[in-house]
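See structure below.
Numbering (my numbering), first residue to last: 3 to 309.
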């Protein structure tokens, strides 16, 4: 993905940077459909509240996704940490607000293992929250405010094995791309951890409904980065049972037209794919990865991949 816009003098990412990334992020799917699913673009400064509202306990999303994922991670944390070395760099990609990293913190303490905590996020707010949460527990913290694809060059040389955790955010990406990126970030002698929600263990219509309830609020700002008036220029925002969030352009813009994205084009705005267990294993094996699955018969399955 082409990146030319630099951060400002304080190292922050201005709105101009997000707008440039947005225009450069499109990948053509077919003659009239374009992939605009870059999930980093959901975290524009000042829009974090939309994401946080999905996590609230009275939402369908919390009931269907957040709560069962937390229960799963709590159950497997001890077994997962047992696979890690006595001292490691815990690289937490997109820590969010739920503090699911605490399960790793607690398991490591119980097993007398120590680590450096490296939260990574484009959002200054989420980075601050995760850093403070760890610092208050006496944990050494080295936050990185960079896009995931820039992280390898931002991190210091590998003098400590890296444990890279992406979790369910894995489902936002095409597998071949994200697995390669995670392997590079983990480096030689490291590992990475991903989770997926298994589609045949959950009512997919409920999952689709959970994302449908919030699709408008979490994607509006992303569409506005393109100079679109969501009410006038964008058709209905629909969620398929994949789960993929789509819209149709009623009216394009000169900048989009220059890229061949015309009125009537379908845009894939966001995805959080739901896999079968077999599909997850196929993706890992097709990329020649050495992995261990953590399957407790819940709706979530995790994989620890050794690099």
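In this text, a Cβ means the ideal position worked out from N, Cα and C, and glycines have one as well.
Reduced DSSP secondary structure (H/G/I, E/B, other) of residue 3: Confidence at residue 3 is low in this model, with a pLDDT of 36, below 50, so its placement is unreliable and the value that follows should be read with caution. DSSP places residue 3 in the coil class of the three-state scheme, outside both helix and strand.
Selection from 123, 294, 26 and 34 that minimises the alpha carbon distance to residue 308: Residue 308 has its Cα closest to that of 294, out of 123, 294, 26 and 34.
Residue closest to residue 201, alpha-carbon to alpha-carbon, out of 281, 27, 220 and 241: Per the Cα distances, 281.
Where residue 36 falls: helix, strand or coil (DSSP): Strand at residue 36.
Length at least 4, wholly inside the segment 98-174: the alpha helix (DSSP H) runs in chain order: Listed in chain order, the complete alpha helix (DSSP H) runs (minimum 4 residues) inside the segment 98-174 are 103-112, 126-137 and 153-156.
Terminal residues of the beta strand (DSSP E) in which residue 91 lies: Run containing residue 91: 89-95, per the beta strand (DSSP E) assignment.
Nearest candidate by alpha-carbon position, reference residue 237, set 269, 290 and 256: Closest option to residue 237, Cα to Cα, is 269.
Beta-bridge pairing of residue 184 - partner residues as DSSP gives them: DSSP lists no partner for residue 184.
Selection from 305, 170 and 251 that minimises the alpha carbon distance to residue 69: That would be 170, whose Cα lies nearest to the Cα of residue 69.
Distance CB(residue 314)-CB(residue 43) smaller than 7 Å: Any question about residue 314 goes unanswered here, given that the chain covers just 3 to 309.
Nearest neighbour of residue 285, chosen from 61, 176, 48 and 90 [CA to CA]: Of the candidates 61, 176, 48 and 90, the one whose C-alpha sits nearest the C-alpha of residue 285 is 176.
Contact check, residue 107 vs residue 165, beta carbons under 7 Å: Result no, Cβ atoms of residue 107 and residue 165 do not sit closer than 7 Å.
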